[in-house]
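Numbering (our numbering), first residue to last: -16 to 318. Glycine included, every Cβ here is placed at the ideal spot set by N, Cα and C. None of the values given here were measured: they were computed from a predicted structure.
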């Protein structure tokens, strides 16, 4: 297939692009290479993709409607995976406008281009952050997600609503994936695992929010990519079991689905740090702090719907995944 991947120089996008190319798909990567975090890491990811047969790349922003339209017109993608976004919960407290520009305006441009070029299936990144102030665990796609606690979460919830409108009005098949704390080699420098590793190796204290007692459904990158591929290959139709008298946020009478994609095994942050210390062979000096504004205490993905519909089954333990990250980190940042 011809697959357009936005955010192709990003953490998830670069891994996904490699898997798509390995199975014989043609991929057009789309990324603005912005400086939200070190562009050198994005460049390094991209350099791994550029020599691969079947890969093309366009440097542009989702907010640039003309660039998006041009990419669709030239490449004529059959399927689209939209991973480009302004990421990060904490940064959304400082610069909310960036999230509106990229995650709302940019996503609207993607939807319009998909609509006008008869794309077979749009898969897009949502986030576990949409569960916001919810307390019932595990988080289920059947749950209401009307109480976000960050602008990042708000934009991701908005993406799901926008996608449903296009599925309903224009019969565009869309699938939203609510990612749960993705980690692994080539990961994002603003994520805890990357930050902790850098500081522990430098002999600096690490900031441990909520005194380390919050839990996260840490999900290894290979399991995430496997879930995306399985979802991409399964074009949704109207849900025959959808009941408008008892509506669910997870499906519709339109060709629309939303899934959780996580490990289904929440781990306390303190345990995660212990595994990292073991992999590094060093102890961390911990600076214990309260929970930050915009963060949620716990995340835990109910992935039964994704498992039922696609056969998704995450299999990577944090011991294995963190070990692989540390091995990559030490090779990419030799001391």
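Counting C-beta pairs closer than 8 Å gives three or more between the region 162 to 170 and the region 192 to 208, which meets the contact rule. If the five residues before and after residue 147 are omitted, its C-beta is found closer than 8 Å to the C-beta atoms of 157, 235, 237 and 239, all from its own chain and listed in chain order.
In the three-state reduction of the DSSP assignment, residue 307 falls in the helix class. Separation of the CB atoms of residue 104 and residue 3 is rounded to 13 Å, and the pair is thereby denied contact status at 8 Å. Taking C-beta atoms as the reference points, residue 180 and residue 263 count as a pair closer than 8 Å.
When DSSP reads this structure, residue -11 sits in a beta bridge with 13 and 65. DSSP, reduced to helix, strand and coil, places residue 151 within a helical segment of the structure shown. If you look at residue 107, you'll find it in the beta strand (DSSP E) that goes 104 to 110.
Counting along the chain, the unbroken beta strand (DSSP E) around residue 191 starts and ends at 189 to 192. The three-state secondary structure of residue -4, taken from DSSP, is helix.
If you keep only unbroken alpha helix (DSSP H) runs of at least 4 residues inside the region 163 to 245, you get 175 to 185 and 204 to 215. Put simply, of 31, 169 and 55 the residue whose alpha carbon is nearest the alpha carbon of residue 96 is 55.
DSSP, reduced to helix, strand and coil, places residue 299 outside both helices and strands of the structure shown, so it counts as coil. At least 8 Å separates the beta-carbon of residue 29 from that of residue 1. Taking residue 295 as the centre and dropping the five residues before and after it, the same chain places the C-beta of 210, 213 and 289 closer than 6 Å to its C-beta, in chain order. Residue 126 and residue 132 have their alpha carbons spaced roughly 16 Å apart. Under the DSSP assignment, residue 92 falls in the alpha helix (DSSP H) whose first and last residues are 89 to 99.
With 16 or more other CB atoms across the displayed protein chains lying within 10 angstroms of its CB, residue 86 is buried. When rounded, the separation of the alpha-carbon atoms in residue 120 and residue 282 is 8 Å. Excluding five sequence positions before and after residue 177, the CB atoms of its chain that fall closer than 6 Å to its own CB belong to 170, given in chain order.
Between residue 66 and residue 108 the beta-carbon gap is near 5 Å, inside 8 Å, which marks them as a contact. Excluding residues up to 5 positions away in sequence, nothing lies with its Cβ nearer than 6 Å to the Cβ of residue 287 in the same chain. Bridge partners of residue 270 according to DSSP: 190.
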